[in-house]
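Before any comments, here is the structure.
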Amino acid sequence: MSRESIFTASVDYFLRPIGPFLRDESVTEIMVNRHDQIYVERAGKLFKTDAAFVSEDALLSAIHNVAQWVGRRIDSDQPILDARLPNGSRVHAILPPGSRGGTCLTIRKFKLGGMSLDDLISYGSLSPEGREFLELCVLLRKNVIVAGGTGTGKTSMLNALSAAIPESERIVVIEDTSELKLNQEHCIYLEVQRPDAQGRGELSIRQLFAASLRMRPDRILVGEVRGGEALDMIQSMLSGHAGSLSTVHASSPRDALLRLETLSLMSDVELPVYVARAQAASAIHVVVQLSRFVEDGSRRVTRVTEVLGLDPQNQYLFRDLFTSSRQARRPDGSLDVRLVPTGETPNFAAEVHEQGLEDRVRHGRETWRLT
């Protein structure tokens, strides 16, 4: 019996109270607020369940079991756990007194095999024109940031976009907790490691990023930028590692660039604000903005925006290439929201012809100035 099989069986045993939700494909998130209060998310909406763990100790045992199998720990000295289940679901737990009501466990589920761009189109999250444009951006080695709030589908979009990377390229994936599963064979997955009880063995995203640059990567994917590693990523983009993909928490393309700028200033490198801003403006080519609609819980691409650099006042310049247009409400209550081109042309449009990719353009010939 393999270690993975033992892990799966062990998790199934300890997480029995929420087992039905783990197996239910319609459930995207499981939220254990305390051992006897459990909510789930379906289609973007929250529902309270009757499920419960027998006791606080039973919930703690389940969390310690997951931590053990992924080589991490959670205790009074380190009361927060970020881990994953055998099926790739993301696990987050926090112990009292950090969580006042009791031990809190949140599990974010991901579709087995990952979400594809075809899936996003079928769900109404993306249009065929938008899909084609983003695939060409990846093929043209544009640096793309996927921005959005919590639960908007940033990781799923990043995974789907990665499918456009040619099979011949070597890809290095860097994550805090491993979630991405790329289709390409030549992928190296690097994951953050927490220090042990003696403070040894820590591997931060910044350390992993520095290591990745010595691994002859064609592409570097960073699951989420949330600290000083933003400066390392931006500088690598400017120094020849084009075609990078990453995500950031932000509610608009402007906020995404401002957040990258701020995170760059959190590094241990003394950097003037205007330099951090100029580097972010030069490194990032396209921002894909995701939003979750409160009315029906749907997650959609609401904007695809080109970054044009800085104006004379040192402010970011943007050009919306695709925006969402709300049409109506369908009979089932869901919103009919479509991602449509604005009629603007990206500055890099000529590269489609230069790279011989005209045959890949089916829907957006006007966008790319192809007749």
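Under this note's numbering, think of the first position of the sequence shown as 95, with each following residue one higher. C-beta: ideal position from N, C-alpha, C; glycine also.
| request: Measure the C-alpha to C-alpha separation of residue 198 and residue 123 and round it to an integer number of angstroms. | output: Taking the straight line from one Cα to the other gives about 13 Å.
| Residues that DSSP places opposite residue 244 in a beta bridge | Its beta-bridge partners do not exist; DSSP assigns none.
| residue 133, DSSP secondary structure in three states | strand
| query | Grouping DSSP H, G and I as helix and E and B as strand, with all else coil, what is residue 301? | reply | helix
| Under the three-state DSSP convention, the category residue 148 falls into | coil
| request: Going by CA-CA distance only, name the one from 314, 127, 340 that's closest to residue 334. | output: Residue 334 has its Cα closest to that of 314, out of 314, 127, 340.
| task | Using three-state DSSP, classify residue 209 as helix, strand or coil. | result | coil
| said: According to DSSP, simplified to helix, strand and coil, what is residue 283? | reply: Reduced to three states, the DSSP call for residue 283 is strand.
| request: State the start and end residues of the unbroken beta strand (DSSP E) segment that holds residue 174. | output: Going by DSSP, residue 174 is part of the beta strand (DSSP E) stretching over 174 to 178.
| field | Per-residue burial, residue 337 [other beta carbons within 10 Å of its own, 16 or more giving buried] | value | buried
| query | Is it a yes or a no for the region 237 to 252 touching the region 339 to 358, going by three-plus beta-carbon pairs under 8 Å? | reply | yes
| query | Going straight from the alpha carbon of residue 419 to that of residue 223, what length do you get? | reply | Between residue 419 and residue 223, the C-alpha separation is close to 14 Å.
| query | When you compare only the Cα positions, how much space is there between residue 487 and residue 359? | reply | Nothing can be reported for residue 487: it is not among the residues displayed for the chain, which extend from 95 to 465.
| Presumed contact (8 Å Cβ cut-off) between residue 130 and residue 152, rounded CB distance | Wrong, their Cβ atoms sit about 10 Å apart, outside the cutoff.
| Which residues mark the beginning and the end of the beta strand (DSSP E) in which residue 385 is found? | 380 to 386
| query | Considering only C-alpha positions, which residue in the set 108, 396, 413 is nearest to residue 49? | reply | The requested residue 49 does not occur in the structure, where the chain is confined to residues 95 to 465.
| field | residue 141, enclosing beta strand (DSSP E) - first and last residue | value | 139 to 142
| request: Please name the residue or residues paired with residue 191 in a DSSP beta bridge. | output: Beta-bridge pairing links residue 191 to no other residue.
| message | According to DSSP, simplified to helix, strand and coil, what is residue 200? | response | Residue 200: strand per DSSP, three-state reduction.
| field | Presumed contact (8 Å Cβ cut-off) between residue 204 and residue 182, rounded CB distance | value | With 8 Å as the limit, residue 204 and residue 182 qualify as a contact, their Cβ atoms being about 5 Å apart.
| task | Determine contact between the region 180 to 195 and the region 136 to 145, defined as no fewer than three beta-carbon pairs at a distance below 8 Å. | result | no
| task | Return the first residue and the last residue of the beta strand (DSSP E) that residue 340 is part of. | result | 339 to 343
| query | Where residue 387 and residue 96 are concerned, what is the direct C-alpha to C-alpha distance, given to the nearest angstrom? | reply | Their Cα atoms are separated by approximately 43 Å.
| field | Range of the contiguous beta strand (DSSP E) that encloses residue 124 | value | 121 to 128
| said: Less than 7 Å between the beta carbons of residue 229 and residue 258, yes or no? | reply: yes
| request: Would you check if the region 377 to 384 and the region 260 to 280 touch, i.e. whether three or more CB-CB distances between them fall below 8 Å? | output: no
| By Cβ distance below 8 Å, which residues in the same chain neighbour residue 155 in space, the five residues on each side in sequence not counted? | 108
| So the beta strand (DSSP E) residue 265 belongs to, where does it begin and stop? | 265 to 269
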